[in-house]
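Read the structure below first, then the notes.
Numbering (my numbering), first residue to last: 361 to 597.
In structure tokens form, the structure reads like this:
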């Protein structure tokens with residue numbers, strides 16, 4: 361692990377801020393409507409804290425190597441490898457906002473356009489890096505569910521408890537989605553979109569269709585199969 365003790369301490373401190381996290385809504389996101397130092401700091405602080413919490417959740421599966429040895433299968437190797445990759449991804453991504461915040465980079469001449477563009481690119485990089493986590497997480501979750509039936513029955517209850525993040529993935533995936541949304545909103549503001557990532561005149565059927573297509577692609581890539589989905593409106597097909 362390349363973390364210094366100071367950075368490790370910062371990560372743990374931020375991971376314990378779960379109760380004080382900002383509760384985002386569409387209206388709250390729309391209030392973040394300008395590219396300035398204050399809003400940039402809000403975005404980076406939110407991203408850093410949420411990445412720390414995600415890292416903490418991933419670290420809460422301490423006996424993965426033991427279970428992998430007991431299962432003695434490719435699923436155990438996949439689970440172990442996927443969790444290590446996710447931890448490394450979150451550590452590396454955490455460093456991007458952390459270094460900017462800790463050096464007071466934002467408060468010194470933020471009106472300078474090159475500085476704004478540098479920060480926009482960095483947030484874009486965070487969004488791209490972190491976006492890749494969903495496929496790796498899916499690999500870990502699938503391997504975990506297969507492994508449960510490859511270890512002795514007496515250990516399965518404890519395995520499910522240790523693997524809570526994979527057995528109950530909604531909190532992790534919800535937080536991941538928020539990180540992506542905050543990043544996309546800030547990048548969109550920098551591109552001159554007055555409402556950022558929020559579309560106030562979008563066609564709801566187009567949104568549902570895009571979401572369904574993306575979900576089918578993820579299902580097909582990870583499970584080899586995707587269900588057919590029919591979208592119907594109140595006025596008909």
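A virtual CB, placed ideally from N, CA and C, is assigned to each residue, including glycine.
This one's a predicted model, so the numbers in the text were calculated from it and none came from an experiment.
For residue 578 and residue 555, the gap between their C-alpha atoms comes out near 28 Å.
Excluding its 5 nearest sequence neighbours in each direction, residue 558 has C-beta neighbours in its own chain below 8 Å: 386, 389, 390, 545, listed in chain order. Counting of Cβ neighbours within 10 angstroms places residue 427 among the buried residues, the total reaching 16 or more. In this structure, the CA atom of residue 365 is about 13 Å from the CA atom of residue 455.
Only residues of its own chain outside the window of five on either side were considered, and among them 404, 407, 408 have a CB closer than 6 Å to the CB of residue 457, listed in chain order.
Using a C-beta cut-off of 8 Å, the stretch 410–418 makes contact with the stretch 374–384, since at least three inter-stretch Cβ pairs fall below that distance. By the Cβ-count criterion, residue 453 is buried, with 16 or more other Cβ atoms from all chains shown falling within 10 Å of its own Cβ.
The closest CA to that of residue 398, considering only 468, 533, 372, is found on 468. The three-state reading of DSSP puts residue 464 in coil, since its state is none of H, G, I, E or B.
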